[in-house]
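Engineer:
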Amino acid sequence: MKINNNLKIITGRVWKFGDNVDTDIIVPSQYLALSDLNEIKKHAFEPLMSNFAGQVRNGDIIIAGKNFGSGSSREQAAEVIKALGVRVVIAESFSRIFLRNAINNGLWAIENRLDVNTGETITIDLVEFSLKGSFGLISLPRFPPLIMDIVNNGGLIPYMRKKNNNE
Amino acid sequence: MNNKKMTLSEIILTEKFGSPVKSGDYIELPVDHVMIHDLFAPNVIVKFQEMGFERVWNKDKVAIIFDHLIPASENHHPDLHHQALKFAEKQGITKIHKADGICHQVMVESGYLKPGDLVLGTDSHTCTYGALGVFATGVGYTEMAAILGTGKIWLKVPETLAFNLKGKLPAGVFAKDIILKIISDLKSSANYKSMEFIGESVKTLLVSERLTMSNMTVEAGAKVGLFPADSIAINYLKSHGIFSSISNNPEAQYLDVFDYNLSNLTPQIACPNQVENVVAVTELEGTLIDQAFLGSCTNGRLDDLKIAAKLLVGKKTKARLIVTPASRRVFIEAVKLGIIDILLKAGAIVTFPACGLCSGISGGLIADGEVMIASNNRNFLGRMGSKNSQTFLGSPATVIASAIRGKITDPRTFINKKQLLLRPNSKTATAYEKI
């Protein structure tokens with residue numbers, strides 16, 4: 001699946017999760033030593049729901065409660081979400097390591113409490129930082145310039161590569 | 001350059017940054033040391049190359065520790081070790097630990113850390129080093145690759161919550177119970193923040209106990225969990241060749257201060273499947289268990305094994321008991337002291353020092369319908385076996401008391417001889433303080 005990082009307005013279906021979705025749930029430990037992300041992503045969210053990977057579509061948006069991505073530092077949690085075509089996760093709060101991993105992989109992790117259900121369609125504007133859905137039009141919090149720069153570059157790898165090339 | 005109201009986090013980060021910082025600032029800082037474990041080493045190497053780096057910024061400030069896949073339980077696991085060793089050789093990295101124990105215990109034992117350092121590791125429990133006044137936290141592998149290349153990281157200076165510890169722990173109640181109680185009160189509200197332990201009782205807590213507490217601050221979401229490096233820490237550090245200290249600021253201005261009177265604390269237990277689901281052990285007494293686990297970077301140190309041996313001497317456990325010492329040094333010392341002999345005769349399965357069961361990869365996974373009580377830091381759904389199993393978390397004493405009875409048991413039940421469950425003090429802890 002080709003992920004288009006340049007798309008600034010994304011309309012997608014909602015996948016709704018509750019509080020405290022930890023990284024052991026997003027990527028169970030037994031798959032961590034696999035080197036192929038395409039293998040690992042098949043097991044995303046497996047303890048909570050079977051075949052999330054088979055059902056999620058490019059452009060879908062994950063909406064969660066408090067403390068999304070808590071627990072282990074495993075970066076595969078952010079990587080598989082992006083590899084499955086999800087470019088935005090909106091949660092009431094994120095665990096700090098997951099938040100950094102999301103930024104470093106060019107995955108937007110935005111804090112907001114949203115009252116929506118799985119299957120609804122919402123639209124996010126990553127230039128205006130606004131969100132449209134059954135709840136109306138709301139504005140979202142922005143990151144400081146450094147972080148915006150990293151995510152807009154598609155993550156820390158392209159960001160660093162660019163920096164290294166300029167030096 | 002220190003402002004009078006600075007917290008320990010702000011003092012350390014100000015020193016690193018070179019001018020005063022305050023919570024909320026985004027700053028780029030030089031890193032003092034990094035820790036990379038086997039599970040993510042290959043990912044770090046790939047990202048490092050993809051970023052266009054060739055040399056690590058300082059080969060002497062990088063430790064590579066094999067612990068998650070030791071001994072290997074699948075035949076592709078050693079491939080990860082070979083990749084790490086090849087990289088280390090190319091870069092001239094010599095701080096390599098191929099089978100010395102769990103990364104956090106090895107980092108602490110090896111004298112790689114000093115108070116006031118900024119340390120990052122590819123493991124969420126890197127915050128353990130806060131017990132020695134080290135500003136240490138976990139990062140992902142991409143972040144680690146960038147640090148290896150540049151020697152720097154950006155950080156948001158955290159707000160600080162202070163935990164004012166008063167009173168004295170009653171017999172049968174331990175550091176694990178303090179931190180479980182704190183996590184239960186906080187839920188995840190320490191997210192992005194620094195937790196700092198202050199108050200008159202800090203000086204009663206040994207380094208092993210502080211390590212247990214700092215280790216679990218991440219379960220409340222914290223970035224770091226800091227103790228001052230006072231005389232107790234200084235003694236420990238000295239025996240590892242480190243001569244350095246750092247103090248709390250009595251004038252510090254915290255976001256919030258929470259008072260805990262340790263004298264009133266009882267044994268605590270975290271229920272499935274969240275660490276914050278904490279109740280008093282008395283509420284669950286009698287719940288049948290299949291397995292007990294003593295080990296991990298939270299509670300697999302010599303002081304923890306000593307508590308187990310005191311409880312188990314001359315007894316057999318009803319539940320299956322897995323014991324995993326936190327490091328090779330701990331294991332050797334426990335053998336010398338006769339602790340392992342007691343554990344083996346009580347029926348324990350003693351495994352080689354590594355992450356083992358706690359990482360969910362091998363070392364005693366539990367089946368559908370099974371119930372476990374464990375001394376580690378996480379009881380997430382399916383983490384240590386089947387998603388249809390249940391894991392409770394408690395202190396080493398609660399784990400062992402429960403193993404003996406085959407059901408969840410308040411360790412105070414076993415206080416028939418007073419000395420039995422007294423916490424290690426500076427005299428009985430001598431052996432540990434040396435390693």
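Protein chains in written order, with my numbering: chain R, 1 to 167; chain X, 1 to 435.
Don't be surprised by glycine CBs; every beta carbon is placed ideally from N, CA and C.
Chain X beta carbons: is any one of them nearer than 8 angstroms to that of R:Leu32?
Structural biologist: Position 32 of the first sequence holds residue 32 of chain R. At least one chain X Cβ lies under 8 angstroms of R:Leu32.
Engineer: Would you decide whether R:Met49 is buried or exposed? Buried here means 16 or more other CB atoms lie within 10 Å of its CB.
Structural biologist: Here residue 49 of chain R corresponds to residue number 49 of the first sequence, with the count starting at 1. R:Met49 should be labelled exposed.
Engineer: Could you pull out every residue in the same chain whose Cβ sits closer than 8 angstroms to the Cβ of X:Leu344, ignoring the five residues on either side in sequence?
Structural biologist: Sequence index remark: in the second sequence, residue 344 of chain X carries index 344 (1-based). These residues qualify, in order along the chain: Val350.
Engineer: Taking just the CA atoms, how far does X:Pro353 sit from R:Glu79?
Structural biologist: In the first sequence, the residue the question calls residue 79 of chain R occupies position 79. In the second sequence, the residue the question calls residue 353 of chain X occupies position 353. Roughly 30 angstroms separates the two Cα atoms.
Engineer: Quick check on the burial criterion: 16 or more other C-beta atoms within 10 angstroms. Buried or exposed for X:Lys5?
Structural biologist: On the second sequence, residue 5 of chain X is found 5 positions in, with the first residue counted as 1. Exposed, since its Cβ has fewer than 16 Cβ neighbours within 10 Å.
Engineer: I'd like to confirm the pairing. Which residues does DSSP put opposite X:Glu28 in its beta bridges?
Structural biologist: Taking the first residue of the second sequence as position 1, residue 28 of chain X is located at position 28. DSSP output for X:Glu28 lists X:Trp154 as bridge partner(s).
Engineer: Contact between the stretch 355-372 of chain X and the stretch 241-261 of chain X: three or more CB pairs below 8 angstroms?
Structural biologist: Flag = no, the stretch 355-372 of chain X and the stretch 241-261 of chain X do not touch.
Engineer: Which residues in chain R have a C-beta closer than 7 angstroms to the C-beta of X:Leu39? List them in chain order.
Structural biologist: The residue given as residue 39 of chain X occupies position 39 in the second sequence. Those are Leu32, Ala33, listed as they occur along chain R.
Engineer: What number of angstroms, rounded off, separates the C-alpha of X:Asp79 from the C-alpha of X:Gln49?
Structural biologist: For this step, residue 79 of chain X is matched to residue 79 along the second sequence. For this step, residue 49 of chain X is matched to residue 49 along the second sequence. Distance between the alpha carbons of X:Asp79 and X:Gln49: 18 angstroms.
Engineer: Name, please, each residue of chain X whose Cβ falls closer than 9 angstroms to the Cβ of R:Tyr24.
Structural biologist: Taking the first residue of the first sequence as 1, we reach residue 24 of chain R at position 24. Note on identity: in this sequence residue 24 of chain R is Asp, with Tyr being the wrong assignment. Going along chain X in sequence order, the residues near R:Asp24 (Cβ under 9 angstroms) are Gly360, Arg378, Phe380, Leu381, Gly382, Arg383.
Engineer: Determine, for X:Ile12, whether the minimum Cβ-Cβ distance to residues of chain R falls below 8 angstroms.
Structural biologist: Sequence index remark: in the second sequence, residue 12 of chain X carries index 12 (1-based). Chain R, which has no Cβ nearer than 8 angstroms to the Cβ of X:Ile12, makes this no.
Engineer: Alpha carbon to alpha carbon, what distance is there between X:Ile307 and X:Ala171?
Structural biologist: Walking along the second sequence from the start, residue 171 of chain X turns up at place 171. Walking along the second sequence from the start, residue 307 of chain X turns up at place 307. So the alpha carbons of these two residues sit roughly 12 angstroms apart.
Engineer: Using beta carbons (cut-off 8 angstroms, strictly below), is X:Pro478 in contact with chain R?
Structural biologist: There is no way to answer for residue 478 of chain X, as the model of chain X reaches only from 1 to 435.
Engineer: Could you please give me the residues that DSSP links to R:Phe52 through a beta bridge?
Structural biologist: Taking the first sequence and counting its residues from 1, one reaches residue 52 of chain R at position 52. R:Phe52 pairs with nothing; no bridge assigned.
Engineer: In the DSSP assignment, the beta strand (DSSP E) including X:His37 goes from what residue to what residue?
Structural biologist: On the second sequence, position 37 is the one that residue 37 of chain X refers to. Start and end: 33-37.
Engineer: Does the beta carbon of R:Glu39 sit closer than 8 angstroms to a beta carbon anywhere in chain X?
Structural biologist: Numbered from 1 along the first sequence, position 39 holds the residue referred to as residue 39 of chain R. It does not: the Cβ of R:Glu39 has no partner Cβ on chain X nearer than 8 angstroms.
Engineer: Take X:Ala429 and list the residues in its own chain whose beta-carbon comes closer than 8 angstroms to its own, dropping the five residues that flank it on each side.
Structural biologist: Position 429 of the second sequence, counted from the first residue, corresponds to residue 429 of chain X. Low local confidence applies: a pLDDT of 46 at X:Ala429 is under 50, so the model's placement there is unreliable, and no value is given.
Engineer: Between R:Lys66 and chain X, is the shortest Cβ-Cβ distance under 8 angstroms, so that the two count as touching?
Structural biologist: The residue labelled residue 66 of chain R in the question sits at position 66 within the first sequence. It does: the Cβ of R:Lys66 has a partner Cβ on chain X nearer than 8 angstroms.
Engineer: Could you check whether R:Ser70 and X:Ile361 sit closer than 8 angstroms to each other, using their CB atoms as the reference points?
Structural biologist: Position 361 of the second sequence, counted from the first residue, corresponds to residue 361 of chain X. Position 70 of the first sequence, counted from the first residue, corresponds to residue 70 of chain R. Result no, Cβ atoms of X:Ile361 and R:Ser70 do not sit closer than 8 angstroms.
Engineer: Report, in whole angstroms, the separation of the C-beta atoms of X:Met35 and X:Gly149, which I expect to be a contact under 8 angstroms.
Structural biologist: On the second sequence, position 35 is the one that residue 35 of chain X refers to. On the second sequence, position 149 is the one that residue 149 of chain X refers to. No, X:Met35 and X:Gly149 are not in contact; Cβ-Cβ is about 17 angstroms, not under 8 angstroms.
Engineer: Suppose only complete runs of 4+ residues qualify. What are the alpha helix (DSSP H) ranges in the stretch 206-244 of chain X, listed by chain order?
Structural biologist: Qualifying alpha helix (DSSP H) stretches, in chain order: 207-216, 231-238.
Engineer: What in chain X is Cβ-close to R:Pro47, meaning under 8 angstroms?
Structural biologist: Translated into the one-based positions of the first sequence, residue 47 of chain R becomes position 47. Under the 8 angstroms cutoff, chain X gives Leu381, Gly382, Lys387.
Engineer: Quick one: measure Cβ to Cβ for X:Leu211 and X:Thr128, integer angstroms, because I've assumed they're closer than 8 angstroms.
Structural biologist: Numbered from its first residue, the second sequence carries residue 211 of chain X at position 211. Numbered from its first residue, the second sequence carries residue 128 of chain X at position 128. Yes, X:Leu211 and X:Thr128 are in contact; Cβ-Cβ is about 6 angstroms, under 8 angstroms.
Engineer: DSSP state of X:Tyr129, grouped into three classes?
Structural biologist: The residue given as residue 129 of chain X occupies position 129 in the second sequence. If DSSP states are grouped into helix, strand and coil, X:Tyr129 belongs with the helices.
Engineer: Quick check on the DSSP output: the beta strand (DSSP E) that includes X:Ala84 runs from which residue to which?
Structural biologist: Taking the first residue of the second sequence as 1, we reach residue 84 of chain X at position 84. Where X:Ala84 is concerned, there is no enclosing beta strand (DSSP E), although the alpha helix (DSSP H) it sits in stretches over 77-91.
Engineer: Would you mind stating whether X:Asn277 and X:Pro396 have Cβ atoms separated by less than 8 angstroms?
Structural biologist: For this step, residue 277 of chain X is matched to residue 277 along the second sequence. For this step, residue 396 of chain X is matched to residue 396 along the second sequence. No, these two residues do not count as a Cβ contact at 8 angstroms.
Engineer: Look at the alpha carbon of X:Ser189 and the alpha carbon of X:Asn75, and state the distance between them as a whole number of angstroms.
Structural biologist: If you number the second sequence from 1, residue 189 of chain X lands on position 189. If you number the second sequence from 1, residue 75 of chain X lands on position 75. Going from the Cα of X:Ser189 to the Cα of X:Asn75 covers about 41 angstroms.
Engineer: Closer than 7 angstroms, Cβ to Cβ, to anything on chain R: give me those residues from the stretch 274-293 of chain X, in chain order.
Structural biologist: Within the stretch 274-293 of chain X, the qualifying residues are Gln274.
Engineer: Taking 8 angstroms as the threshold (C-beta atoms), are X:His104 and X:Phe66 in contact?
Structural biologist: Indexing the second sequence from 1 puts residue 66 of chain X at position 66. Indexing the second sequence from 1 puts residue 104 of chain X at position 104. No, Cβ-Cβ distance for X:Phe66 and X:His104 is not below 8 angstroms.
Engineer: Tell me whether R:Gly12 is buried or exposed, calling it buried when 16 or more other Cβ atoms sit within 10 Å of its Cβ.
Structural biologist: Mapped onto the first sequence, residue 12 of chain R falls at position 12. Label assigned to R:Gly12: buried.
Engineer: Does X:Leu29 pass the burial test, meaning 16 or more other C-beta atoms within 10 Å, or should it be called exposed?
Structural biologist: On the second sequence, residue 29 of chain X is found 29 positions in, with the first residue counted as 1. Buried, because 16 or more other Cβ atoms sit within 10 Å of the Cβ of X:Leu29.
Engineer: Run through chain X and tell me which residues come within less than 8 angstroms of R:Ile90, C-beta to C-beta.
Structural biologist: Taking the first sequence and counting its residues from 1, the one referred to as residue 90 of chain R is at position 90. Chain X residues near R:Ile90: none, gap ~16 angstroms exceeds 8 angstroms.
Engineer: Scan the stretch 280-331 of chain X and note each continuous beta strand (DSSP E) run of 3 residues or more that stays entirely inside, going in chain order.
Structural biologist: Correct list: 291-295, 320-324.
Engineer: Roughly how many angstroms separate the alpha carbons of X:Asp256 and X:Leu165, rounded to a whole number?
Structural biologist: Position 256 of the second sequence holds residue 256 of chain X. Position 165 of the second sequence holds residue 165 of chain X. Cα to Cα, X:Asp256 sits roughly 14 angstroms from X:Leu165.
Engineer: Measure the alpha-carbon distance for X:Val323 versus X:Ser402 and round it to whole angstroms.
Structural biologist: Walking along the second sequence from the start, residue 323 of chain X turns up at place 323. Walking along the second sequence from the start, residue 402 of chain X turns up at place 402. Approximately 14 angstroms between the Cα atoms of the pair.
Engineer: Counting only beta-carbon atoms, is R:Ser50 nearer than 8 angstroms to chain X?
Structural biologist: Numbered from 1 along the first sequence, position 50 holds the residue referred to as residue 50 of chain R. Chain X contact via Cβ: absent.
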